[in-house]
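Here is the structure we will look at.
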Amino acid sequence: MIRLNALIIAAVALSATIGTGIASAADLPAMPYTKAPPLQSVPITWSGCYLGGNIGAGWDRFNAGEVGFAGVATPFVDYGPNTGSSFIGGGQIGCDYQFASNWVIGIQGKAEFGNINSSNLVAAFPGVTAVFKLKNTETLTGRLGYTLAPTVLAYVKGGAAWSNAWAAASTAFGLGETANFSMTGYTVGGGAEWMFAPGWSVFGEYNYLDFGTKNVNFLSTGLVPGFGAAGALADTNAIRLKAQEVIFGVNYKLNWASPVVARY
Numbered sequence: 371m372i373r374l375n376a377l378i379i380a381a382v383a384l385s386a387t388i389g390t391g392i393a394s395a396a397d398l399p400a401m402p403y404t405k406a407p408p409l410q411s412v413p414i415t416w417s418g419c420y421l422g423g424n425i426g427a428g429w430d431r432f433n434a435g436e437v438g439f440a441g442v443a444t445p446f447v448d449y450g451p452n453t454g455s456s457f458i459g460g461g462q463i464g465c466d467y468q469f470a471s472n473w474v475i476g477i478q479g480k481a482e483f484g485n486i487n488s489s490n491l492v493a494a495f496p497g498v499t500a501v502f503k504l505k506n507t508e509t510l511t512g513r514l515g516y517t518l519a520p521t522v523l524a525y526v527k528g529g530a531a532w533s534n535a536w537a538a539a540s541t542a543f544g545l546g547e548t549a550n551f552s553m554t555g556y557t558v559g560g561g562a563e564w565m566f567a568p569g570w571s572v573f574g575e576y577n578y579l580d581f582g583t584k585n586v587n588f589l590s591t592g593l594v595p596g597f598g599a600a601g602a603l604a605d606t607n608a609i610r611l612k613a614q615e616v617i618f619g620v621n622y623k624l625n626w627a628s629p630v631v632a633r634y
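Those letters in the sequence shown? Residues 371 to 634, per my numbering, in order.
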């Protein structure tokens, strides 16, 4: 009986304690509501490095003339001009930096491939056709752009250019002489680029390339009489080369995935 009374007394005491705690908690002020901070995406920027590919069309113009034969200098003999066009394609890689809100400065390396063939009859040597092939070009340029809108960039560019070409004198008996050669010059151009998705952009541009004039040695094939033995120095020609290109391409920015920033 004594034990039962003790249990009853303990239960009453516990109930009183719990009730007091509940009453005290009820008197506490409500916890204030804190709104989660909004998420803010990183602002659109053209700063960063990229790589991409392109396709388009290319045009060239060769002017050539003889300035030497079999290693002996001769008076200049004009072979005349010729022009050609073809589809071209290639790739580009570069880096840009956006400053002063709307201005973008950058550097780019680009290469274009696609044989542009051209030829013309040589009036000074009846029966001979001058044949040329522009095989590829490479450029290293700086560019300066201005954002017409956050995702639209208009730009101009300019810098150094290199080309690789092939040329030959063709006759009814076959090729009399051939030459593989490279030339160095400059390029200028401009275009527009549109960032249509995070990290992705498309562009269109025009470029003019001028490689100046270079004296090129032609070696005999040994197939046509009058050009010398196979491998012998036949003609030395002064070759002038200009080219133009219109290309369209896509770029992928390598570091586009910047973290989302919380704004408090």
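Each residue gets a CB set at the ideal place from its N, CA and C atoms; glycine is no exception.
Taking the alpha-carbon positions, what's the TRP694 to GLY423 distance?
Nothing about residue 694 can be read from this structure; the chain reaches only from 371 to 634.
Exposed unless 16 or more other CB atoms sit within 10 angstroms - verdict on TYR467
Residue mapping note: residue 467 aligns to position 97 of the sequence shown, counting from 1. The residue is exposed, with fewer than 16 neighbouring Cβ atoms inside 10 Å.
Can you look up ILE392 in the DSSP assignment and give me helix, strand or coil?
The residue you call residue 392 lines up with position 22 of the sequence shown. Because ILE392 carries a pLDDT of 44, less than 50, the predicted location of this residue cannot be relied on, and the following value inherits that uncertainty. Helix.
Secondary structure of PRO451, DSSP reduced to three states:
For the purposes of this step, residue 451 is taken as residue 81 along the sequence shown, with counting starting at 1. Three-state DSSP puts PRO451 in a strand.
With a threshold of 7 angstroms on Cβ separation, who are the neighbours of LEU514 within its own chain once the five nearest residues in sequence on each side are excluded?
Locating residue 514 in the sequence shown gives position 144, counting from the first residue. So the list reads ILE475, TYR525, VAL526, once near-sequence residues are dropped.
Short of 8 angstroms in beta carbon distance, which residues of its chain neighbour THR591, apart from the five on each side in sequence? Order them along the chain.
Position 221 of the sequence shown, counted from the start, is the residue given in the question as residue 591. The residues are GLY544, LEU545, GLY546, GLU547, THR548, PHE597, ALA600.
My output table needs one value for GLY546: the three-state DSSP class, helix, strand or coil.
For the purposes of this step, residue 546 is taken as residue 176 along the sequence shown, with counting starting at 1. In this structure, GLY546 counts as strand in the three-state DSSP scheme.
On a CA-only basis, which of PHE581, LEU589, CYS419 is nearest LEU504? Give me that one, please.
In the sequence shown, residue 504 corresponds to position 134, counting from 1. Checking every option, the nearest Cα to that of LEU504 belongs to PHE581.
Outcome for GLY512 when other beta-carbon atoms lying within 10 angstroms are tallied against a minimum of 16
Within the sequence shown, the letter at position 142 stands for residue 512. Exposed: under 16 other Cβ atoms inside 10 Å.
Assuming THR499 contacts ALA531 under a Cβ cut-off of 8 angstroms, what Cβ separation, rounded to an integer in Å, is found between them?
Numbered from its first residue, the sequence shown carries residue 499 at position 129. Numbered from its first residue, the sequence shown carries residue 531 at position 161. Not really, about 27 angstroms apart at Cβ, beyond 8 angstroms.
Closer than 6 angstroms by C-beta to PHE502: which residues in its own chain qualify, once you throw out the five before and the five after it? Chain order, please.
In the sequence shown, residue 502 corresponds to position 132, counting from 1. The answer, listed in chain order, is PHE432, SER488, ALA537.
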